[in-house]
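Asks: Here it is, the structure, as C-alpha cells.
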Amino acid sequence: MSEVLATQIALDRAGFSPGEIDGKPGKNLERALAAYKQSHEEDVSLLGDVPPLIDYTITDADVAGPFTPDIPPNLPDQAALDALNYRNPLEGIAERFHSSPELLQQLNHGATFQKAGEHLMVPNVATAPSPAQPAPHASDITVVVTKSTSALTIEDSKGQILFHAPVTSGSTHDPLPIGTWKVTGVQRNPKFHYNPELFWDATPGDRKATLQPGPNNPVGIVWIDLSKPHYGIHGTPEPSKIGHVESHGCVRLTNWDADRVAQWVKPGIKVVFRE
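Mind the numbering: the sequence shown is residues 70 to 344 in our numbering, read in order.
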C-alpha cells in the first residue's frame with residue numbers, strides 16, 4: 070500500500086480531512102498535512118501503529134437499499150424523484166469509508182459489492198459518529214473558511230486548529246461573501262428548495278421546485294444555516310469534486326465532513342469567510 074493512501078487515512082482519522090480518500094497525491098492532501106503539522110508543533114507520529122486498512126463484511130443493510138440508480142443531471146428533473154438515495158451499494162459503502170468507489174474496487178479485485186457476506190478491505194476511518202463534543206459557548210470556537218486554500222477549519226479561542234477539511238466555496242459568478250457571520254441552525258437530511266432566481270446558470274423557464282432528502286441531494290446530508298441569507302455550509306452528492314471546482318456561493322464539504330462540522334456547531338457559533 071502506498072504512503073499517500075496511508076497518510077490520507079491517518080489524517081482523516083485525526084480530524085484533518087483530505088476529502089475523498091483516493092490514494093492519489095494532490096492539493097487536498099498537501100493542505101490537510103500542513104494544517105496537521107501546524108496544529109501539532111511537537112514531533113507527533115501521524116501514521117503510528119494503527120493499521121490503515123481493516124476487514125469489512127458487507128451487511129444486509131448495505132445492499133437492501135432503497136437505491137436511486139438513475140439520477141438526472143438537472144435539478145428540476147430531480148424534483149420528480151421520491152428520494153435521492155445512493156445509486157448503488159458501492160457508492161454507499163465508499164462514502165461510509167470516506168473513499169472513492171474506484172479505490173474500493175482497486176483494493177478489492179473481483180468484489181461485486183452486491184452481496185451480503187462479501188469480505189472487503191477498507192480504509193480504517195472513524196465511521197461511527199464522533200463522541201459528543203463538550204457543549205461549547207459561542208465564543209469558544211470559530212469556523213473559518215479560507216478562500217485561497219479552499220479549506221474550512223474549526224479553531225479554538227487561541228487559534229488552534231481543532232478540525233480541518235477541504236471545501237468548495239463560491240465562484241466568479243457567486244463569490245464567497247467575505248465577512249463574519251453566525252450559525253443560525255443545523256438541519257440533517259434536508260430537502261433542497263430550488264429557486265432558479267438564485268442560480269446564474271439556471272435554464273430559462275425553470276420553476277421553483279423541492280428536491281427530496283438523501284445523500285445525492287444537492288446539499289447532501291447536512292445543511293448548516295448562516296445569518297447571511299441564502300448561504301450555508303453543507304454536504305454534496307459529488308465528493309470527488311470538493312476542493313477542485315467552484316460552487317454556487319455556498320460552502321460545500323464531503324457529506325462525512327459536513328456531518329463532523331455539524332457535530333461541533335450550534336446557533337450562535339461565529340463563522341468567518343476570508344480571502
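Beta carbons are placed, not taken as given, at the ideal position from N, Cα and C, and that holds for glycine.
Restricting to runs no shorter than 4 residues, where is the alpha helix (DSSP H) found entirely within the stretch 84-136?
Replies: Runs of the alpha helix (DSSP H) inside the stretch 84-136: 96-108 and 129-133.
Asks: With DSSP as the reference, please indicate the residues paired to E224 in a beta bridge.
Replies: Here residue 224 is taken as the residue at index 155 of the sequence shown, counted from 1. According to DSSP, which records beta bridges pairwise, E224 is partnered with T211 and I230.
Asks: Quick one: Cα of E307 to Cα of N285, how far?
Replies: To locate residue 307, count along the sequence shown from 1; it is residue 238. To locate residue 285, count along the sequence shown from 1; it is residue 216. E307 and N285: Cα-Cα distance of roughly 8 Å.
Asks: Could you pull the DSSP bridge partners for V291 from this structure?
Replies: Counted from its first residue, the sequence shown places residue 291 at position 222. Beta-bridge pairing links V291 to R257.
Asks: Between the C-alpha atoms of C319 and Y300, what's the straight-line distance to the nearest angstrom?
Replies: Here residue 319 corresponds to residue number 250 of the sequence shown, with the count starting at 1. Here residue 300 corresponds to residue number 231 of the sequence shown, with the count starting at 1. When rounded, the distance between both Cα atoms is 5 Å.
Asks: Is it buried or exposed for R276, if we count other Cβ within 10 angstroms and need 16 for buried?
Replies: In the sequence shown, counting from the first residue as 1, residue 276 sits at position 207. Classification of R276: exposed, given that the 10 Å Cβ count is below 16.
Asks: For the alpha helix (DSSP H) containing R165, name the first residue and the last one.
Replies: For the purposes of this step, residue 165 is taken as residue 96 along the sequence shown, with counting starting at 1. From DSSP, the alpha helix (DSSP H) with R165 extends over P158 to R165.
Asks: Okay, do the stretch 208-221 and the stretch 235-242 touch, 3+ Cβ pairs below 8 Å being the bar?
Replies: The stretch 208-221 is in contact with the stretch 235-242.
Asks: Would you mind working out which of G312, M190, D326 and P246 sits nearest L295, comparing C-alpha positions?
Replies: The residue labelled residue 295 in the question sits at position 226 within the sequence shown. If we check each option's Cα against that of L295, P246 comes out closest.
Asks: Quick one: residues in its chain with C-beta nearer than 7 Å to the C-beta of L280, no 5 flanking neighbours on either side, listed in chain order?
Replies: Counting from one through the sequence shown, the residue named residue 280 turns up at place 211. If we look at L280 and ignore the five residues flanking it on each side, its Cβ neighbours are L144, Q147, A148, L153, K260, F261, Y263, N286 and P287.
Asks: Which value, in whole angstroms, describes the spacing of the CA atoms of R321 and T137?
Replies: In the sequence shown, counting from the first residue as 1, residue 321 sits at position 252. In the sequence shown, counting from the first residue as 1, residue 137 sits at position 68. Answer to the nearest angstrom: the Cα atoms are 22 Å apart.
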